[in-house]
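Trainee: Pasting a structure here, questions to come.
Number of protein chains: 2
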Amino acid sequence: MKIKIVVVLVLIQVYWSCAEPPHPLDPLSPSELNLVRTIVTNSYPASNLTFHHVALDEPDKPQILSWLSSPHSRALPRRAFVVARFKKQSLEITVDLSTRSIISSRVYKGHGFPTLTFAEQGLVSKLPFSYEPFKDSIKKRGLNMSEVVCAAFTVGWYGEENTKRIVKVKCYYANAATANLYARPVEGVSMVADLDDMTILSFSDRFGIPVPKAEGTEYRASKLKPPFGPKLNGINVTQPHGPGFAIDGHSVSWANWKFHLGFDFRVGPIISLVSIYDMEKHKYREVLYRGFISEVYVPYEDPTEEWYYTTYFDCGEYGFGQSASSLEPLRDCPSNAHFLDAFYADANGKPVKITNAFCIFEKYAGDIMWRHTEIAIPNQVITEARADVSLVVRMVSTVGNYDYIVDWEFKPSGSIKFGVGLTGILGMKGGAYSNMDQIKGEIDIHGTLLSDNTIGVYHDHFFTYYLDLDIDGQRNSFVKTTLETRKVKDHKIPRKSYWTAVTETAKTEADARVKLGLEAAELAVVNPNKKTKQGNKIGYRLLPGSVAHPLLASDDYPQIRGAFSNYNVWVTPYNKSEKWASGRFVDRSRGDDTLAVWSRDREIEKKDIVLWYTMGLHHVPAQEDYPVMPTLSTGFELRPTNFFEANPVLKTIITILSVPDDDPVDEFEVGQEFADKEATVMAVKTYSIRRAVEYKILESDRLKYTVQCANFGQGCR
Amino acid sequence: MKIKIVVVLVLIQVYWSCAEPPHPLDPLSPSELNLVRTIVTNSYPASNLTFHHVALDEPDKPQILSWLSSPHSRALPRRAFVVARFKKQSLEITVDLSTRSIISSRVYKGHGFPTLTFAEQGLVSKLPFSYEPFKDSIKKRGLNMSEVVCAAFTVGWYGEENTKRIVKVKCYYANAATANLYARPVEGVSMVADLDDMTILSFSDRFGIPVPKAEGTEYRASKLKPPFGPKLNGINVTQPHGPGFAIDGHSVSWANWKFHLGFDFRVGPIISLVSIYDMEKHKYREVLYRGFISEVYVPYEDPTEEWYYTTYFDCGEYGFGQSASSLEPLRDCPSNAHFLDAFYADANGKPVKITNAFCIFEKYAGDIMWRHTEIAIPNQVITEARADVSLVVRMVSTVGNYDYIVDWEFKPSGSIKFGVGLTGILGMKGGAYSNMDQIKGEIDIHGTLLSDNTIGVYHDHFFTYYLDLDIDGQRNSFVKTTLETRKVKDHKIPRKSYWTAVTETAKTEADARVKLGLEAAELAVVNPNKKTKQGNKIGYRLLPGSVAHPLLASDDYPQIRGAFSNYNVWVTPYNKSEKWASGRFVDRSRGDDTLAVWSRDREIEKKDIVLWYTMGLHHVPAQEDYPVMPTLSTGFELRPTNFFEANPVLKTIITILSVPDDDPVDEFEVGQEFADKEATVMAVKTYSIRRAVEYKILESDRLKYTVQCANFGQGCR
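This is the structure:
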């Protein structure tokens with residue numbers, strides 16, 4: 001799937017796929033995936049078997065931490081975790097790769113089914129084409145069967161006693177006129193199909209609504225007609241000295257950061273072993289043992305027959321990693337980005353390469369890392385400013401119509417920013433209307449009228465992040481600092497009130513559930529056993545992003561399954577098996593294996609704890625979101641808070657200095673013309689002659705940096 | 001003040017200061033400021049006069065709008081508004097520049113005083129040096145008088161019957177060891193001084209606390225010692241075809257946007273006449289008549305004798321524009337930035353140039369404007385992605401210790417993003433403590449212990465934006481769309497609940513006051529008289545940023561003065577005189593002239609309305625904020641919502657295509673080697689030979705763009 005452009009940095013590629021021995025958190029390589037397949041199919045004949053999730057079964061945390069202290073002393077066992085369907089049963093299999101054996105295998109008897117594979121989605125989407133009632137419906141509508149495209153949609157659970165692996169199959173119209181099938185639903189017709197039997201179980205054709213017109217729905221540049229615009233002038237990011245990061249296998253280091261970048265079929269990027277170098281303590285310090293998006297819960301808000309069941313769990317049902325799109329150089333990522341491929345096992349257990357699944361790049365948005373201008377000291381004006389550069393790891397997951405841009409951004413100041421961009425195509429339904437004037441009285445179209453016969457259905461997005469923070473070690477606590485208003489008691493003071501910070505440490509999980517927005521509070525994970533010189537608890541603070549609370553009734557079926565969104569913040573004691581907020585088997589799940597169920601009143605003080613943070617947004621579509629959505633960006637931040645003794649970028653080395661090269665004429669060493677006699681190195685080497693003349697006025701300023709560079713004693717390019 | 005580096009683009013500079021006739025919203029030029037001074041001092045002898053705010057008195061809105069329709073037919077009158085002190089009275093003077101006459105002059109009799117000038121702040125800060133009791137206190141502490149620096153602080157109002165123009169004078173220690181005076185307060189000593197008489201009225205030396213040590217407080221690179229780091233590799237933004245924006249005087253146009261950039265002594269950047277080109281309607285459409293930061297309200301939360309009065313109104317008391325810092329090329333703004341100067345009148349009425357007060361640049365952070373990958377259509381993988389470029393206008397205002405980075409970001413998609421970055425130096429007080437262990441029981445230090453004897457005091461920042469939105473015309477309404485949970489009534493549907501959007505239009509100001517966070521709602525300004533083809537109301541939506549509510553008692557004096565922060569959103573009918581949320585005379589104001597007072601129950605439906613939005617944050621300092629703060633960024637967005645018929649960047653022209661130029665060897669036309677026979681133009685012209693070979697694999701992809709370019713029929717370099 002989606003194999004298009006292969007722009008690989010060969011060296012990185014070699015490391016990525018062939019490094020030996022693997023880091024214990026490396027995702028399974030193609031050869032390992034093949035080996036897993038061989039081992040499993042030895043016991044379960046391939047003819048009756050489908051693979052639904054093949055993942056690294058990573059060693060236990062103590063083993064990993066111990067390995068990290070002497071990584072080359074021994075290799076840890078490589079194991080795989082497999083979820084498969086075999087003869088209509090769900091299997092959970094653990095495979096040992098070194099012994100080439102199945103360690104354990106059990107039939108899953110609980111509620112819910114595994115993630116859907118692309119293969120079965122593809123097969124089930126073909127069923128309507130040989131199903132006579134459907135063909136009749138298409139004919140009746142005057143449509144051309146060869147221009148129909150169908151897709152499978154999970155159906156959730158609405159209280160049924162018994163559940164099977166069924167999906168709804170809905171169809172769209174796509175032809176030479178437009179690739180935007182979601183904008184052209186064949187509304188009123190739907191089918192229920194059995195994924196195990198690959199048969200259509202039921203069919204309904206309740207009503208006919210014109211398929212919305214193709215005009216205005218296309219988004220491919222090659223198919224669009226003038227006028228084009230707005231026109232943006234070219235812009236480019238360059239790094240004269242190359243990238244500042246290094247990639248060794250799946251381990252990435254940059255500036256003061258290092259971390260491991262994994263990939264999983266279900267959740268996409270898994271960032272582990274994040275630590276930051278402390279220049280004062282002369283060592284790397286742990287921040288995050290592991291983080292990933294555990295679930296993306298997307299309930300739609302149309303309660304009518306054709307739409308009421310529409311609630312997606314993009315990780316558990318569809319595979320957020322399986323759905324990773326190949327990133328397009330120069331458009332999905334800037335020109336200084338490097339790309340990495342990822343691999344997953346398809347329904348047959350065979351490795352599939354997602355080319356350019358990740359890009360990694362240094363981001364320079366023109367922002368300021370810190371600055372100050374001082375004019376209070378007589379006869380001086382001091383200005384110090386540092387440009388802000390960060391490192392971004394990006395993946396895009398396209399789950400059907402929606403494209404989610406997932407960024408992990410590491411800042412030299414110690415912050416980690418988690419960006420999510422929402423783009424792609426809205427979930428749309430057909431409607432009889434072309435103008436809001438036609439919608440009178442009590443009629444609710446459950447969305448926004450975007451175009452003739454086209455309604456963008458109301459929905460929510462809840463992104464639940466799993467963040468196993470290990471702040472300078474494993475034993476951590478969750479602390480809430482509430483800002484409380486106080487009355488001034490000193491009668492000599494004419495002021496009446498002020499606020500102060502009151503800190504409480506959560507003892508149990510129950511204490512740590514937070515609905516954001518109800519009070520002024522700061523939330524942090526701290527290491528209560530470690531303090532700064534000043535005696536403050538070493539910690540990282542959560543700066544929340546877009547806050548949304550579920551609006552469904554809490555006893556409604558989708559919300560029972562998505563109950564992990566009932567709080568924005570949960571904290572649990574670390575438990576290796578508690579990874580997926582929505583549970584292990586999410587398709588048709590009943591909410592009996594979610595974060596909201598596991599989280600009771602376990603103790604979490606001075607424990608290895610996991611922070612679960614749900615960022616959400618309600619989406620009332622707008623016409624601007626049609627036919628393809630301008631990215632809506634949101635995000636949150638983990639920010640060091642008394643983690644360092646002081647600003648960790650106070651003494652950052654500036655090499656941002658450069659000038660526009662819009663007129664490159666010649667190059668010369670700045671030092672030749674301007675440098676102080678004592679200076680032998682310069683922060684920036686290349687200026688064009690013409691620019692240099694214009695910038696002569698910067699001379700005194702440049703000298704300052706020259707001297708600074710000389711002080712480094714180590715060069716400072 | 002602050003005149004350092006003069007890097008000017010000569011052409012722009014000429015336009016900026018000499019264009020004739022001025023646009024009616026252009027700020028007063030240096031010659032106009034001089035003329036104002038001449039006219040005013042003809043009536044009020046300069047010896048008794050100080051200028052506290054000289055600003056353009058812009059023509060009435062109907063005049064401006066009429067002028068815009070035929071800008072060259074006639075020049076509008078140029079008038080200046082002057083706030084001055086003359087013989088201990090505050091004057092409000094209106095001057096006509098063409099007739100060189102005072103049109104009106106009145107003595108202000110209300111509460112409060114004008115903005116402090118730099119000159120009087122400088123003078124009053126010198127008083128302690130000849131004040132014996134202070135000299136004794138310094139001696140007693142064993143400090144060196146020549147290393148003391150003092151500064152003036154506004155004192156607010158705490159119920160006094162009579163008020164004079166007094167300030168507190170507090171002092172710091174700054175010497176060769178460190179420029180960071182705020183980190184070294186001479187705590188316990190304070191003075192009250194009269195600004196009109198320039199005398200010290202009272203003095204107190206309540207207690208002695210060691211001046212915090214210099215070590216660890218310096219932030220100048222040239223004074224810091226190794227080790228340096230973290231090291232960041234060089235990175236640069238280049239624009240092979242130059243910038244995409246054009247500046248004509250103070251008018252800026254870029255991509256589909258145009259606007260006017262003004263400057264004011266009190267509020268800094270004023271962005272006016274913002275409109276966006278609608279390719280479908282073939283015209284520019286109005287979005288924002290005028291926007292600026294009306295006030296920055298910063299209450300500190302220490303109720304003790306030396307700190308309780310510490311509440312700043314950075315615009316009204318200190319002049320957010322007067323406090324603009326000269327931006328440093330390559331650090332405050334990227335290499336592709338262009339800089340503009342600004343001018344204000346000093347206490348003598350003489351023009352002062354702020355070099356590089358603004359920078360304007362195209363921002364490319366590596367983000368994605370929109371994208372989609374489509375795999376549902378058999379035998380095709382479609383990926384379309386567009387890189388995101390925006391235009392940023394930046395100013396930094398340094399009000400004493402704090403540096404505020406103010407960004408206006410215009411996106412081709414129609415969004416305006418308002419960024420605020422907080423950096424600079426914390427407000428710190430001396431304390432007896434060096435470790436939190438020493439702070440027992442009921443003791444509240446009202447801040448965070450940052451270093452030995454150094455406490456970063458708790459405080460808030462409230463940024464109140466004035467946004468005179470004119471959505472496609474003046475007659476607008478404010479609309480709140482609440483997302484309400486509904487029960488499913490159809491018993492055939494097993495789902496229990498859903499939400500729907502309920503829209504209410506505010507009739508009066510009272511209906512439009514919003515405290516954010518209390519409910520799920522979308523806020524928009526719409527033009528109820530204009531609808532899309534689909535019948536949706538044309539509008540712009542407010543996507544709030546960091547939400548904070550005041551924590552002070554509402555009857556407390558600072559909060560009475562800052563009552564405009566009581567709601568995050570207010571909407572008022574347009575009134576030319578209602579500009580400043582904190583009132584006209586803010587120093588020692590009593591809250592009787594604020595937004596909270598003007599806003600009663602005036603009608604706002606289908607009126608020319610102004611949206612006031614307050615973004616806030618509570619700041620519990622962290623050790624990382626010391627000795628200088630890593631920027632904390634926040635912001636909000638105005639986003640078109642049914643303003644356009646469809647995605648306005650669907651057909652944007654991509655010229656982002658480029659490759660890293662880390663190895664420039666040679667240039668050639670890509671078309672020479674790769675282009676389709678039919679194509680004669682390419683999106684990007686220059687590739688290095690070596691890179692081009694590596695990127696050959698992109699050929700098919702590039703051809704797609706080649707064809708696209710050919711279709712433009714107008715070239716698409």
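Quick mapping for you: the protein sequence lines, in order, are chains B and P.
Using full-length UniProt numbering, read the first sequence as starting at 1 and increasing by one per residue.
Using full-length UniProt numbering, read the second sequence as starting at 1 and increasing by one per residue.
Backbone N, C-alpha and C define an ideal beta-carbon position, used for all residues, glycine too.
Nothing here was measured: the structure is a model prediction, and the numbers come from that model.
(1) Please identify the residue among B:T500, B:L611, B:A596 and B:H72 whose C-alpha is closest to the C-alpha of V525 of chain B.
(2) Select from the segment 274 to 294 of chain B all residues with a C-beta closer than 8 Å to any C-beta belonging to chain P, and list them in chain order.
(3) In the segment 539 to 607 of chain B, which residue ranges form an unbroken alpha helix (DSSP H) of at least 4 residues, counting only runs that do not cross its ends?
(4) Can you grab the Cα-Cα spacing for the pair K61 of chain P / D608 of chain P, in whole Å?
(5) Three or more C-beta pairs under 8 Å: does that hold for the segment 210 to 223 of chain P against the segment 446 to 455 of chain P?
(6) Tell me whether T115 of chain B is buried or exposed, calling it buried when 16 or more other Cβ atoms sit within 10 Å of its Cβ.
(7) Any chance the segment 184 to 199 of chain P sits against the segment 435 to 447 of chain P, with 3 or more Cβ pairs inside 8 Å?
(8) Which residue wins for smallest C-alpha separation from Y300 of chain B, given the options B:H461, B:Q380 and B:S130?
(9) Under three-state DSSP, which class holds L181 of chain P?
(10) Give me the chain P residues within the contact set of L552 of chain B, using Cβ-Cβ distance strictly less than 9 Å, ordered along the chain.
(11) Taking a contact to mean a Cβ-Cβ separation below 8 Å, would you say E624 of chain B touches K429 of chain B in this structure?
(12) Can you tell me whether V707 of chain B is helix, strand or coil according to DSSP?
(13) Could you spell out the range, first to last residue, of the beta strand (DSSP E) harbouring P299 of chain P?
(14) Cβ atoms of Y557 of chain B and G262 of chain B: under 8 Å apart, would you say?
(15) Where does P648 of chain B sit, in a helix, a strand or coil, going by DSSP?
(16) Sorted by chain position, which residues of the same chain lie with C-beta nearer than 8 Å to S335 of chain P's C-beta, five sequence neighbours on each side aside?
(17) Please report the straight-line C-alpha distance between D472 of chain P and F358 of chain B, rounded to a whole angstrom.
(18) Using the Cα positions of C315 of chain P and L391 of chain B, report the straight-line distance between them to the nearest angstrom.
(19) Going along the chain, which residues of its own chain have a beta-carbon closer than 6 Å to the beta-carbon of T398 of chain P, five neighbours each way excluded?
(20) Considering Cα atoms alone, identify which of B:K489, B:K537 and B:G616 is closest to P550 of chain B.
(21) Ends of the alpha helix (DSSP H) at P528 of chain P?
(22) What residue from B:V82, B:R475 and B:K515 has the CA that sits closest to D346 of chain B's CA?
(23) So what does DSSP say about D460 of chain P, is it helix, strand or coil?
(24) What span of residues does the beta strand (DSSP E) with I39 of chain P cover, start to end?
(25) Would you mind sorting A365 of chain P into buried or exposed? The rule is 16 or more other CB atoms within 10 Å of its CB.
(26) Closer than 9 Å, Cβ to Cβ, to anything on chain B: give me those residues from the segment 338 to 369 of chain P, in chain order.
(27) Rounded to whole angstroms, what is the Cα-Cα separation between P24 of chain B and L97 of chain B?
(28) Between K168 of chain B and T199 of chain B, what straight-line distance do the alpha-carbon atoms span, to the nearest angstrom?
(29) Within the chosen definition, does the segment 218 to 228 of chain B reach the segment 176 to 184 of chain B through at least 3 CB pairs nearer than 8 Å?
(30) Should V502 of chain B be labelled buried (16 or more other beta-carbon atoms within 10 Å of its own) or exposed?
(31) Please report the distance separating the alpha-carbon of E362 of chain B from that of V389 of chain B.
(32) Compare the C-beta of D587 of chain P with all C-beta atoms of chain B and state if any pair is closer than 8 Å.
(33) I believe G517 of chain P touches V547 of chain P by the beta-carbon criterion, under 8 Å. Please report the beta-carbon distance rounded to the nearest angstrom.
(34) Taking CB distances under 8 Å as the criterion, tell me whether Q534 of chain B reaches chain P.
(35) Report the rounded CA-to-CA distance for T634 of chain B versus E522 of chain P, giving the unit in angstroms.
(36) Could you say which of P:N568, P:I377 and P:T448 lies nearest to C171 of chain B if we only look at CA atoms?
Mentor: The answer reads as follows:
(1) B:L611
(2) Y277 and M279
(3) 557 to 561 and 595 to 598
(4) 10 Å
(5) yes
(6) buried
(7) no
(8) B:H461
(9) helix
(10) T485, R495, K496, S497, Y498 and W499
(11) no
(12) In this predicted model, V707 of chain B has a pLDDT of only 28, less than 50, meaning its place in the structure is not dependable; the value taken from the coordinates is given anyway. Helix.
(13) K283 to P299
(14) no
(15) coil
(16) N236, V237, T238 and P329
(17) 42 Å
(18) 36 Å
(19) S323 and S325
(20) B:G616
(21) Here P528 of chain P belongs to no alpha helix (DSSP H); instead the beta strand (DSSP E) covers A521 to K531.
(22) B:V82
(23) strand
(24) Where I39 of chain P is concerned, there is no enclosing beta strand (DSSP E), although the alpha helix (DSSP H) it sits in stretches over P30 to S43.
(25) buried
(26) C359, F361, E362, K363, Y364, A365, G366, D367, I368 and M369
(27) 13 Å
(28) 12 Å
(29) yes
(30) exposed
(31) 7 Å
(32) no
(33) 5 Å
(34) yes
(35) 16 Å
(36) P:I377
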